[in-house]
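A short worksheet on the structure shown next.
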Amino acid sequence: MSVIAVATGRGAWARLGAGIRHHKMASFGAGIVILMVLSALLAPWLAPHDPLEQDVLLRLASPSADFPLGNDSFGRDILARILWGGRVSLYVSTLSVLIAIFVGGALGILAGYIGGLFDRVLMAAMDVLLSFPTLVMGLLVVAMMGPTVGNLILAITLTAVAPFARIARAPTLTVKERDFVEAGRALGFSHLRIMVVHILPNVLDDILVMGALWLATAIRTEASLSFIGLGVRPPTASWGGMIREGFENILDAPWLAIFPSIAILVVMFGLNMLGDGLRDTSDPRLRHE
Amino acid sequence: MTTPLLDVRNLSKTFVARRGFMGGESAVVHAVSDVSFSVAAGEAFGLVGESGCGKSTTGRAILRLVEPDSGAVLLKGEDVLAANPRRLRALRRRMQIVFQDPYSSLNPRRTIGQTLTEPMAVHGLGSARKILEAVRMVLAEVGMPIDAANKYPHEFSGGQRQRIGIARALVLRPELIVADEPVSALDVSIQAQILVLLRGLQQRHNLSFVLISHDLGVVRHFCSTVSVMYLGRIVERGPVPAIFDEPLHPYTRALRNASPVPDPKAKVIMGKLEGEVASALSPPSGCHFHPRCPHVMEICRGVYPSWVQVAPDRGVACHLYPAGIGSTVSAAAAPGR
Amino acid sequence: MLPYIVKRLLVAVPTLLAVLTVVFFFVRIAPGDPAFIILGDQASPQALAAVRHELGLDQPMAVQYVDFMSTVLKGDLGTSLVTHRSVWGEIANVLPYTIELTLSALVIGVVIGLPLGVAAARHRNEALDYAARLFSLAGLSFPAFVSAIMLLLAFAIELHWFPVISEGRPGDPWSRVNALVLPAVNLGLIMVAYVMRVTRSSMLGVLGEDYIRTARSKGVPARVVIWRHALGNAMIPVVTVVGLYLGVLIGNSVLTEIVFNRPGLGKLIVNSLNQRDYTMLEGLMVIYAFFIVIANLLTDLTYGLVDPRVSQR
Amino acid sequence: MSEAGELPLAVDGLTTAFRVEGRWYDAIRDVSFSVARNETLALVGESGCGKSITALSIMGLVPKANGRITAGRVLLDGRDLVPLDETEMEKIRGNAISMIFQEPMTSLNPVLPIGFQVAEALRYHTALTGEAARARALALLEHVKVPSAARRFDDYPHQFSGGMRQRVMIAIALACSPQIILADEPTTALDVTIQAQVLALLAELKSETGMAMIFITHNLGVVASIADRVAVMYAGDLIEIAPVEELFEHPMHPYTEALLSSIPRVDRDAGDLKPIAGQVPPITAMPSGCRYADRCPLRVPRCATMPPLVGLAVDPNHQVRCWVRAADESVSA
């Protein structure tokens, strides 16, 4: 077996993985995120009660041994609803960020690589998209098209495409000026090959860091829309919706708002720590602490 | 006369410098104007000049990494500039480039092995085993150990990376290499290693080189023929010792005098050449060099001097050498050697 | 500088036109018939047609578009489908509330965030830096409505320091300021976090630059190196982030207005959404987009002030 | 070694360490030299040899986060600068000692007008303020031959060419008539014709003011043109120091010798270049003895210990740090 044959590309994932492991904050954040993902995935087994099961006798009941986080205004188990609500948050935000990474990343790399008029028109279009405040745009899409999970994903994706296009374009502009790209052209590589094999791996770090931070933004947007009343339709549990309901009963039962708030905060901290840590490890300027 | 390996004829390239977002004003930069030269098989041809003189653009235009506006680049008689994409791919196997900056010339995310196998795989040159064998050979040829293939560029020093960059250029077995300042980013002792390596490759494979450099010492050491460029044009061309020992063009002379020599008895003639290189955005009228020229005459301000062939292998574009000295020929028709 | 300003203004115009076009089509491709929504499902076809005619919805798309653009460009945003009052009038009633809220958040963010970021960079990896970074992490993590609820719970409901409904009484400037404090702090603290983190990282980059070493090599005192030589350059990315952040700030102001039950564009937009008040929504989107375009323009102009390379090309 | 009070600058046994992955390594060790008034000492060597670190150590600009001077003295008119705190160093920098850096493109602050940047040095070291500082700064810019300096006084660095920026840097360095100027590769980033102009300017200014100059470069051609004496560094050690003609005619250290024969020269026909095999060892794996030993053809067992810098019998001004060569020629080994 030749040494060349076993030479494998050290992918962005492996590199980021190594970075996370060496960075205390990043690994702590990653731990929280993994816990959140697990608890959402395992909600059906972890939740002690059915999240939709109502019990009038337990209306606004304070935490008890059987219902450790108390009950809401329909007597539903708050713990179960938080676990199930995490599923919605995670599903909506992950899917919309993935689509935005794919579409925005591709547009950004294309714009940066092709340059010229194409670049200017595309980026002007992105500027127009960015001219609508994120949340306002989300509000409008969901309100006009109807509060379904699909439309939520569409709304959040729409707000995220332009930022990802920008974040992918900037490093593309520098990478394409580097000599190895020109060497590729001199060696007869196709433009597609240069973009996918030579530029993409060099801009992926930036995109993934932004991805972690945007996952937090997406969860926040989803929760905000639910809080305003434009999230997933009740009775499906969502954190934003639970906080909205808690806010309406804030004087009688403050825990109604507090527990789902804590859930959001923990996840936000986890994702932001992960994203910050990734940024530290991928930014050569900050790498040598 | 046999066809030279590379024949560059009246190559010109202008860039449009845009200012501002919507491109309000724009200015035309004549990066390369009417450049002609030819390179024989196995010859090392030097292109020398200061930054912004158009030498790098010329080198890239030969490989069509920038599209020239006019002129012709013939590789063994086949026009590179007229080639369709398929032909161009085939032509690109025969000419390669080595870059100045050993850090930006290698993809930091690819192993040396990947970098070296990729060109052969893309051109469909043989089986995996054959490709592997070729990579092994080319690594040995540039003096790198075979286990380098498993490593990433950041694990190597500048000199080693430059060897890898040369290996990448060699892997398709080209006939011509454009070397753009191949040693100027390296330390003196490493420069010598790379120059000796390149010289060895040239002799072993009868490779032709277009060596682009601002360092007259490197050019004198490596090249047999040299062209001196100033603001996009060739101002003097000839065989190497002659050009540096008896420069004709005042600019070549100034360049020679300003080039430091490691000998305290031959100090740089300092500060003689006043003024700075004019901007290529607005080159001076007439001879571009006239504002700095110690021998400036009235005609220099208005008329760009025509090319004067002062000897069969030597020419100059300067009004100091009226057409009587040699036989005046147009730059296009001037034989390379 | 003047040609630069003119150039930026000229660039802003097509952006604004494109934004208006998006608004127009966005409202029209949304499913649901406005006439249907206004009159309810019991309405007769004649009544529906009358309303459609009144709204101009029976016209060809192109006519509607030209009509829309020309009225909007004249400054006319139409009449509300629900209240039948002028859209601009309704917006103008609450606009001052939103403007005072976002502006005070911006001021809090810059006035606290900038020096904090500089201090964190100067004392990198010391206690102050860690505290600042923790704070910025928190600011990034708190959804605006969660922090708003917590502030409300603590300072209005428990401590009674501030009113629960942050509107203020008309003709009583002090009550209006008092009502502004909690919402402004809520938005401002989040802004502080953003400004602080970008200032810190930008300063860290700049402090490694050659010209900082030059300044030190000529004996410029450390304090002057930081505030004149470093901050002047570090401001460039800060301006970018503040500019980009305005979109987030406006979104957060919507949430803040809802939690604090404060009049403003946020409450207006939520109400219009619930009532399907299309002309009002159109008007609000135009106003929002107009603000962002103006903000981008101001950002660009600030660039010109901060960086001579931008304005003097 | 140099115990002369009249010497504006003497460096004695200077050792500066840097931290790499938590461990401290000597980037330069036991560096000693001095420079006299109206003298240009060239500090020459390849990248990573410690010549810039020597300059930063003299200026007190070694980055505190990961570098420190661990031994030695920097004597300015007999006063040791190493123990001085930041405030005291601020009074000396740009005043008694000033420095010119390699990269004219990045060494000037892009958001401040050049005239201001020149006047700034005056503000903190002289009583000049406002108009007077401005007038003096303008005079300095004219002195270093910035064309139409008055008109361009309030222009920004990006509006100047590299050569002009380097002239501005020189004006800044000259502002307070320093006794010593440290020029760190000041012409490396410039074209040769511009390099010749800047070298001429520096030589002229030096003879005008009588200041001492330490000229750091990797280019032996430039050394030959501008230096009075030459100190050669390799991997953090100062290995040879001699008057310029002596060094080029009789290089003693095997490294100096090899370096001189590895330069492609424009004034000679292409002979065979003799490259030095191998590479400089990384700072984390330096031999404790002579750091050139690995690449040296003359290596003997004794090279495993660090050789002293000793004067040669034939010329006491010519010192070399080599067991083999010094044993051949020195007064006392």
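Protein chains in written order, with our numbering: chain E, 54 to 342; chain W, 71 to 407; chain A, 2 to 314; chain B, -12 to 320. Glycine residues also receive a C-beta, built at the ideal position from the N, C-alpha and C atoms.
Interface residues of chain E facing residue i [CB-CB closer than 9 Å]
{"i": "Arg226/W", "result": "The question names Arg, but residue 226/W in the sequence shown is Phe. Here the premise fails: no neighbours, minimum Cβ distance about 14 Å."}
Cβ distance (whole Å) where residue i is taken to contact residue j below 8 Å
{"i": "Met156/B", "j": "Pro91/B", "result": "6 Å"}
{"i": "Val260/A", "j": "Ile150/A", "result": "6 Å"}
{"i": "Ser291/E", "j": "Gly82/E", "result": "At roughly 23 Å, the Cβ-Cβ gap does not stay under 8 Å, so Ser291/E and Gly82/E are not in contact."}
{"i": "Leu1/E", "j": "Ser277/E", "result": "Residue coverage of chain E in this structure runs from 54 to 342, which leaves residue 1/E outside it and unanswerable."}
{"i": "Pro172/W", "j": "Ala249/W", "result": "Contact doesn't hold; Cβ gap of about 13 Å is too wide."}
Per-residue contacts from residue i into chain B (C-beta, under 8 Å)
{"i": "Gly233/A", "result": "Asn96, Val98, Leu99"}
Contact set between residue i and chain E, taken where Cβ atoms lie within less than 7 Å
{"i": "Pro189/W", "result": "Leu240"}
{"i": "His193/W", "result": "Gly241"}
Beta-bridge partners of residue i, as assigned by DSSP
{"i": "Gly308/W", "result": "Val296/W"}
{"i": "Glu79/W", "result": "Sequence inspection shows Arg at residue 79/W; the Glu mentioned does not correspond to that position. Ala142/W."}
{"i": "His100/W", "result": "Thr84/W"}
{"i": "Arg384/W", "result": "Ala381/W"}
{"i": "Val112/A", "result": "Partner(s): none; Val112/A has no beta bridge."}
{"i": "Phe115/W", "result": "Val280/W, Thr295/W"}
{"i": "Gly54/B", "result": "Phe5/B"}
{"i": "Ile15/B", "result": "Thr3/B"}
Pick from the options that is closest to residue i, judged by C-alpha positions
{"i": "Met326/E", "options": "Leu250/A, Arg134/A, Ala36/A", "result": "Arg134/A"}
{"i": "Pro252/W", "options": "Leu325/W, Gly229/W, Val310/W, Leu351/W", "result": "Gly229/W"}
{"i": "Val301/B", "options": "Leu234/B, Leu71/B, Ser275/B", "result": "Leu234/B"}
{"i": "Ser275/B", "options": "Ala(-3)/B, Ser21/B, Ala14/B, Gly9/B", "result": "Ala14/B"}
{"i": "Ile304/W", "options": "Ala348/W, Ala101/W, Gly270/W", "result": "Ala101/W"}
{"i": "Asp139/W", "options": "Phe169/W, Val98/W, Phe107/W, Tyr300/W", "result": "Val98/W"}
{"i": "Leu109/B", "options": "Ile101/B, Leu99/B, Pro100/B, Arg121/B", "result": "Arg121/B"}
{"i": "Gly183/W", "options": "Arg162/W, Arg274/W, Val208/W, Arg163/W", "result": "Val208/W"}
{"i": "Gln261/W", "options": "Glu172/B, Ser164/B, Ser248/B, Ala214/B", "result": "Ser248/B"}
{"i": "Thr181/W", "options": "Ile132/W, Ile234/W, Arg156/W, Glu211/W", "result": "Ile234/W"}
{"i": "Leu318/W", "options": "Ala110/W, Gly372/W, His389/W, Val258/W", "result": "His389/W"}
{"i": "Gly220/A", "options": "Ser34/B, Gly47/B, Val22/B", "result": "Gly47/B"}
{"i": "Pro254/E", "options": "Ala215/E, Ile303/E, Gly158/E", "result": "Gly158/E"}
beta-carbon residue i near the ligand FMN non-hydrogen atom, thresh 6 Å
{"i": "His75/E", "result": "Within the structure as shown, the ligand FMN is missing, as the structure has no ligands at all."}
Proximal residues of chain W, C-beta to C-beta of residue i below 7 Å
{"i": "His251/E", "result": "Asn177"}
{"i": "Pro254/E", "result": "Arg179"}
Partner residues on chain A for residue i, Cβ-Cβ distance less than 8 Å
{"i": "Thr175/B", "result": "Ordered by position in chain A, no residue passes the 8 Å Cβ test against Thr175/B, which lies about 14 Å from the chain."}
{"i": "Ser115/E", "result": "Chain A residues near Ser115/E: none, gap ~16 Å exceeds 8 Å."}
Chain-ordered chain W contacts of residue i [CB-CB under 8 Å]
{"i": "Phe235/B", "result": "Pro332, Asp333, Pro334"}
Contact list for residue i against chain E, beta-carbon separation under 8 Å
{"i": "Leu138/A", "result": "Phe322, Asn325, Met326, Asp329"}
{"i": "Asp139/W", "result": "Within 8 Å Cβ-Cβ: nothing; Asp139/W doesn't reach chain E, min ~17 Å."}
Neighbour flag for residue i against chain C, beta carbons, 7 Å
{"i": "Glu33/B", "result": "Absent here is chain C; the protein component of the structure consists of chains E, W, A and B."}
Listed by chain order, chain B residues near residue i by CB distance under 9 Å
{"i": "Ser197/W", "result": "Neighbours of Ser197/W on chain B: none; closest Cβ ~36 Å, over 9 Å."}
Proximal chain B residues relative to residue i, where beta-carbon distance stays under 7 Å
{"i": "Ser176/A", "result": "Within 7 Å Cβ-Cβ: nothing; Ser176/A doesn't reach chain B, min ~44 Å."}
{"i": "Ser218/A", "result": "Met46, Leu48, Arg80, Gly81, Ser85, Met86"}
Chain-ordered chain A contacts of residue i [CB-CB under 7 Å]
{"i": "Tyr279/B", "result": "What Tyr279/B touches in chain A: nothing, since even the nearest Cβ is about 30 Å away."}
Chain W contact residues for residue i, given Cβ-Cβ distances below 9 Å
{"i": "Glu298/E", "result": "Within 9 Å Cβ-Cβ: nothing; Glu298/E doesn't reach chain W, min ~49 Å."}
- Task: Assess, as a yes-or-no matter, whether the stretch 276 to 294 of chain W is touched by the stretch 250 to 269 of chain B under the definition of 3 or more beta carbon pairs within less than 8 Å.
- Result: Judged by pairs of C-beta atoms under 8 Å, the stretch 250 to 269 of chain B touches the stretch 276 to 294 of chain W, as three or more such pairs exist.
- Query: Is the stretch 223 to 238 of chain W in contact with the stretch 164 to 172 of chain W, if contact means three or more CB pairs nearer than 8 Å?
  - Reply: Contact between the stretch 223 to 238 of chain W and the stretch 164 to 172 of chain W is present, with at least three C-beta pairs closer than 8 Å.
- Item | Three CB pairs or more closer than 8 Å across the stretch 228 to 246 of chain A and the stretch 197 to 204 of chain A | yes
- Query: So, do the stretch -8 to 2 of chain B and the stretch 48 to 65 of chain B have three or more beta carbon pairs nearer to each other than 8 Å?
  - Reply: yes
- Query: Any chance the stretch 153 to 170 of chain A sits against the stretch 280 to 289 of chain E, with 3 or more Cβ pairs inside 8 Å?
  - Reply: no
- Given 8 Å as the limit, is there contact between the stretch 261 to 277 of chain W and the stretch 144 to 151 of chain W, that is, 3 or more CB pairs closer than that? no
- Would you call the stretch 209 to 228 of chain E and the stretch 51 to 68 of chain A in contact, with 3 or more CB pairs under 8 Å? no
- Would you be able to state if there are at least three C-beta pairs under 8 Å between the stretch 216 to 232 of chain W and the stretch 206 to 213 of chain B? No, they do not touch.
- Query: Okay, do the stretch 264 to 272 of chain A and the stretch 201 to 216 of chain A touch, 3+ Cβ pairs below 8 Å being the bar?
  - Reply: no
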